[in-house]
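This report concerns only the one structure given below.
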């Protein structure tokens with residue numbers, strides 16, 4: 508029998524991940540961000556409960572010996588530049604970093620993209636329930652704690668007065684999706700890449716944690732609640748198995764095979 512090679516247009520093997528349709532994914536991700544912004548608005552109007560719960564959270568943290576938020580803020584207040592950078596990080600990194608993460612996964616690791624999008628959607632949906640059942644004023648609104656609203660004092664600020672701020676629910680501090688999303692970005696990039704330095708992605712949630720606490724926008728318990736929700740979502744939604752096409756070597760594309768001689772070895 509004469510040797511011949513496989514056709515150049517042969518189909519990819521069944522395990523090759525397929526990139527989801529772009530328009531559908533754009534609508535899904537846009538919907539995720541819209542649900543995050545608008546869903547929190549439905550839980551407004553519980554001011555008294557929010558401040559009562561804030562006092563409970565503050566005293567609980569002291570009862571279990573969690574570090575004081577004031578210690579982190581004091582470190583930021585050593586210089587105007589540092590606290591301004593922290594406020595800027597809080598105001599500008601959250602959404603763009605998460606969006607860039609999803610776009611990169613979509614283009615380079617489609618299987619991991621679907622997994623990450625599902626996890627983020629699950630965490631965000633679950634997080635919208637808490638403001639209905641446990642409205643919570645952020646620590647920057649509490650008196651007698653020694654904390655200041657760094658965004659209002661040093662800028663920039665993304666919030667206006669709570670009574671006139673119609674773009675956000677400032678009494679939905681728990682859980683901190685700033686931290687939950689940042690932690691998922693790090694976990695997702697660690698899972699989807701093979702670089703020996705990929706552990707450095709954990710700096711993003713670490714910096715985010717110090718920023719949200721130091722600027723008095725969140726309590727430690729807000730980040731702990733977000734971590735617990737993310738842990739449940741990760742347990743329920745397993746990541747794709749590592750293969751050459753999912754974790755790859757920087758391309759996310761199927762690895763090309765050498766031409767095979769039909770009939771060889773027969």
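Numbering (the numbering used here), first residue to last: 508 to 773. C-beta: ideal position from N, C-alpha, C; glycine also.
- Contact between the region 614-631 and the region 733-743 is present: three or more C-beta pairs spanning the two stretches fall below 8 Å.
- When only Cα atoms are considered, residue 727 and residue 538 end up about 29 Å apart.
- Per DSSP, the unbroken alpha helix (DSSP H) holding residue 690 starts and ends at 684-699.
- Distance from the Cα of residue 613 is smallest, within the candidate group 713, 576 and 529, for 529.
- The region 644-662 and the region 585-605 touch, with three or more beta-carbon pairs separated by less than 8 Å.
- Proximity to residue 679 across 527, 569 and 724 peaks at 724, based on C-alpha coordinates.
- Counting C-beta atoms within 10 angstroms of its own C-beta, residue 610 has fewer than 16 neighbours from the protein chains shown and is therefore classed as exposed.
- A distance below 8 Å between beta-carbons, with the five flanking residues on each side excluded, links residue 536 to the following residues of its chain, in chain order: 606, 609 and 624.
- The region 641-648 makes contact with the region 555-565, as at least three CB pairs between them are under 8 Å.
- Cβ neighbours of residue 677 within its own chain (closer than 8 Å, five residues either side excluded): 644, 645, 648, 666 and 669.
- CA-to-CA, the gap between residue 721 and residue 525 works out to about 42 Å.
- One alpha carbon belongs to residue 681, the other to residue 690, and they sit about 16 Å apart.
- Bridge partners of residue 679 according to DSSP: 643.
- For residue 719, the enclosing alpha helix (DSSP H) covers residues 710-721.
- Put simply, the backbone Cα of residue 713 is about 9 Å away from that of residue 686.
- Taking the C-beta atoms as reference points, residue 733 is found nearer than 8 Å to residue 684.
- For residue 692, the CB contacts under 8 Å within the same chain, skipping 5 residues up- and downstream, are 604, 605, 608, 708, 711 and 712 in chain order.
- Burial is judged here by how many other beta carbons sit within 10 angstroms of a residue's own beta carbon; residue 534 has fewer than 16 and is exposed.
- In the structure shown, the three-state DSSP call for residue 531 is helix.
- If you ignore the 5 residues before and after residue 716, its C-beta comes within less than 6 Å of the C-beta of 686 and 730, all in its own chain and listed in chain order.
- With respect to the C-alpha of residue 566, the residue from 579, 585 and 652 having the closest C-alpha is 652.
- In chain order, 605 place their CB closer than 6 Å to the CB of residue 688, counting only its own chain and leaving out the 5 sequence neighbours on each side.
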